[in-house]
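Participant: So the sequences go chain by chain: V and E. FYI, the numbering used here numbers position 22 of the first sequence as 204, with every residue one higher than the one before it. FYI, the numbering used here numbers position 108 of the second sequence as 1058, with every residue one higher than the one before it. Glycine included, every Cβ here is placed at the ideal spot set by N, Cα and C. Just so we're clear, the structure is a prediction, and the values are computed from it rather than from any experiment. Structure incoming, see below.
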Amino acid sequence: MLDWIQANIPPWLPLLLVVHLVVLVTVAYLILLERKSASWMQDRLGPNRVGPYGLLQPLADGLKFFLKEDYRARSVDKVLFTLAPVIMIVVIIISIAVIPWGGIKGTTQTVDITNLWRDGHSLRAAVDTQAKTISADLPRFHELISDVTVQTVPAGAGLDSYPGQPTVVLELGNDLDPVPAIDLASGQRLYATFTTGWRFQIANLNIGVLFILATLSLAVYGVVIGGWASNNKYSFLGGLRATANMISYEVPMGLAIVTIVLMFGTLDLNQIVEKQAHYWGGWLPAWNVFAHPVTFLLFLVCIHAEANRAPFDTAEAEQELVGGYHTEYSSMRFALFFMAEYAGMVTTSALMVALFLGGWHFPGLGGPDAVNPAVTDSLSLCILRAVVYFAKTIFVLFLFMWVRWTLPRFRFDQILALAWRGLIPIALAILLSTALTIYFFGSSSAQFVSLRRLDGWMALVMFGVNVVVLGIVMYASTLLPIGPSINRRVRIPGSRYNTAALPKAPAAMPAAGSASS
Amino acid sequence: MTMPILAQQLTSQVNSWLPVLILLIIAIGFGVANIAISLLIGPTRSGPGKETIYESGMMPIGDTRKRFNVKFYLLAITFVVFDVEIVFLYPWATAFPHAVVGGGGFSTLLLISMLVFIGVILVGYVYEWGKGVFHWD
């Protein structure tokens, strides 16, 4: 039975179903967590009637959503009104697909390619030939991972010396990847380490970061279509505000992600996580949050704004706009909007864990091979990594709750000023300084050259550059004028904007009786 | 194994997008089924007052789809410029560390071209700042 499953069911299929269900259940319980944490912060009890400690509340909520009337006013745009929540939930659900939950389940094999190299004296040709041989007899659903580690071993030494410094990491199928010319002394051997197996991930796209960014941007359509189709003034204004909010913060978010991509030169989330899975100075995990604290904070702010949550929730400010873009929605159509909002938080938190918090990496969870720490032969280790990944995601999600119930709402002009006059200059400056740091220090760091990982010193430089650049930009922004106001103010007599004195009251009318006589 | 390299790469691309397709089908099914079930088992009662849209309990005044503040439009235009800029930065960012590691003058060329590119964007950014596009009140 187990053999039949391994032979005929691709490993991503059970993973897909499990992740999809886990995300849905998480969304349901996030709403309970939100209500519970809100009530504890406000010294209340929170929902505690349905089940022990209110744990069955999500079920009751779901049942209630189904049993309520799915109402649609006569003047709404009938097609778009239904389409908006469906778009929203669909793009958010598929955006979870590229999260790298647990590294690579597979094995490494080290092959002597000295003779292949001697045939043509081309390292790439030798590795490609060996790769063809290996991929010819792979089990079904297994694949050859594209990173190949090549190292020269001195004469007389065996493969035992393997976990040493690799000479170069080659990327299969990427002819643009530079390959240094090597020259073998007599007796030296050339070994290539290939990895075969499958990735513990739903969809292994080599453009993972772009995929998440693209799908999350599509969520704007759900908001703007929902706000417009409702034909309601509150919804319309809420939709406008939410759109402005989401697109403004997408720019610094994109720049923050480019900064991380720039360090590792890959868009594959698996590799981004794998390159964080080692230690600086022997004890500090090489997570990007330590090397790039300012980029981390930028990204954190941006995902709060993307989710349209407090303190960026002017789009659904209850005091001004009733419910924002979903004022007209009820029953399951409203629930889809609501679920999409929380599922979007799960995706962005998971993305943040992958980019900054080391993904599945935690002391003790690395594979046996120090050069390819993502590779492990044990399925239970992969599952344990996925649990660790999920725990980190939950931590970031709790941060969302914490912020929402701690900070008051910003004004709308403050939100946009923060994005356009604050975060975008900082993000651009950090991007430029990171590029310069890599340009000047990258080629002199052995670990960066061979593995494209940051070593401790480079991380320290990155940290310093981050802090200094933040200081410079923040100081410079106080020197700049904020620009002229282009809003035309309507002068209303007596308002607080018009300090001119009110026109004189007319002289008292003569009494009616005396005028007639 | 006689497939040409291009066809092989194409097949592996299609294979890696298959899970996304399945997830897409599941997601669409989830959205549509939820709405359909609630339409089926939920009550439907209507009335003249209930058929109007919500406007704090009053009869709606005027039309919703009227002109709105031009600043939202300016913001959207600016966003498009910046977002396209970022999309151009992704391939650059993927290539740059490889070029630095590979050595030679290519990385200098990449760095300078990116500086020029961002400089061009910055000119527009400074112009908009001076015009007060980022100044809401």
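#1: List, from N- to C-terminal side, the alpha helix (DSSP H) runs of 4 residues or more that fit wholly inside the stretch 541-599 of chain V.
#2: Suppose you measure from the CA of V:L610 to the CA of V:P192; what does that come to, to the nearest Å?
#3: What residue range does the beta strand (DSSP E) around V:D301 cover?
#4: Does the Cβ of E:W1086 have 16 or more other Cβ atoms within 10 Å, making it buried, or fewer, making it exposed?
#5: Between the stretch 511-523 of chain V and the stretch 467-485 of chain V, can you find at least three pairs of beta-carbon atoms closer than 8 Å?
#6: Name the residue from V:T311, V:S317, V:C484 whose alpha carbon lies nearest to the alpha carbon of V:L600.
#7: Classify E:Y1077 as buried or exposed, calling it buried when 16 or more other Cβ atoms lie within 10 Å of its own Cβ.
#8: Could you give the distance in angstroms between the alpha-carbon of V:D185 and the alpha-carbon of V:A532?
#9: Determine the contact status of V:Y431 and V:A487, defining contact as a CB-CB distance below 8 Å.
#10: Mind checking who V:G409 pairs with in its DSSP beta bridge?
#11: Could you compute how far the alpha carbon of V:G302 sits from the alpha carbon of V:T311?
#12: Does the stretch 397-411 of chain V come into contact with the stretch 565-584 of chain V, if we say contact requires no fewer than three beta-carbon pairs (one atom in each stretch) closer than 8 Å?
#13: For V:L633, which residues of its own chain have a beta-carbon under 8 Å away from its beta-carbon, when the five flanking residues on both sides are left out?
#14: Go ahead and pull the three-state DSSP assignment for V:Y235.
#15: Which residue marks the beginning of the beta strand (DSSP E) containing V:G379, and which one marks its end?
#16: Which residues does DSSP pair with V:P467 in a beta bridge?
#17: Measuring only from the beta carbon, is V:A210 closer than 7 Å to any heavy atom that is part of the ligand FAD?
#18: Using only alpha-carbon positions, find the residue among V:L605, V:V569, V:N386, V:F494 that is nearest to E:P969.
#19: State the Cα-Cα distance for the pair V:G420 and V:P493, rounded to the nearest angstrom.
#20: Can you tell me where the alpha helix (DSSP H) with V:L206 in it begins and where it stops?
#21: For a cutoff of 8 Å on Cβ pairs, would you count E:I978 as touching chain V?
#22: Going by alpha carbons, who is nearest to E:A977 out of V:T616, V:R256, V:P234, V:P267?
#23: What residues in the stretch 419-444 of chain V bring their beta carbon closer than 7 Å to a beta carbon of chain E?
#24: Determine which residues of the stretch 239-267 of chain V have a Cβ less than 8 Å from any Cβ of chain E, and write them out in chain order.
#25: State the DSSP-derived secondary structure class of V:K287, mapped to helix, strand or coil.
#26: Let me see if you follow: with CB-CB separation under 8 Å, is E:G997 close to chain V or not?
Facilitator: Checking against the coordinates, here is how it stands:
#1: Runs of the alpha helix (DSSP H) inside the stretch 541-599 of chain V: 561-586, 594-599.
#2: It is roughly 42 Å from the alpha-carbon of V:L610 to the alpha-carbon of V:P192.
#3: Careful: V:D301 lies outside any beta strand (DSSP E), inside the alpha helix (DSSP H) at 296-302.
#4: E:W1086 is buried by the Cβ-count criterion.
#5: Contact fails: fewer than three Cβ-Cβ distances are below 8 Å.
#6: Its Cα nearest to that of V:L600, the residue V:C484 stands out among V:T311, V:S317, V:C484.
#7: Exposed is the call here.
#8: Roughly 33 Å between the two C-alpha positions.
#9: In this structure, V:A487 lies closer than 8 Å to V:Y431 by Cβ.
#10: Partner(s): none; V:G409 has no beta bridge.
#11: Rounded to the nearest angstrom, the two C-alpha atoms are 11 Å apart.
#12: In short, these stretches do not touch, since the Cβ pair count stays below three.
#13: Within the same chain, V:L633 has close Cβ partners P348, V351, K457, V553.
#14: Three-state result, V:Y235: helix.
#15: From DSSP, the beta strand (DSSP E) with V:G379 extends over 371-381.
#16: In DSSP, V:P467 forms a bridge with V:Y461.
#17: Of the ligands one can find in the structure shown there are none, so the ligand FAD has no counterpart to examine.
#18: Sorting V:L605, V:V569, V:N386, V:F494 by C-alpha distance to the C-alpha of E:P969 places V:N386 at the top.
#19: When rounded, the distance between both Cα atoms is 15 Å.
#20: Element bounds for V:L206: 194-223.
#21: Closer than 8 Å to some Cβ of chain V, the Cβ of E:I978 qualifies, so yes.
#22: Closest by alpha carbon: V:P267.
#23: Taken in chain order, the members of the stretch 419-444 of chain V whose beta-carbon sits within less than 7 Å of a beta-carbon on chain E are L422, A426, I429, S430, E432, V433, G436, L437, V440, V443, L444.
#24: F247, F248, L249, K250, E251, D252, Y253, A255, R256, S257, V258, T264, P267: these are the residues of the stretch 239-267 of chain V whose beta carbon lies less than 8 Å from some beta carbon of chain E, given in chain order.
#25: It is a strand residue.
#26: Chain V, which has no Cβ nearer than 8 Å to the Cβ of E:G997, makes this no.
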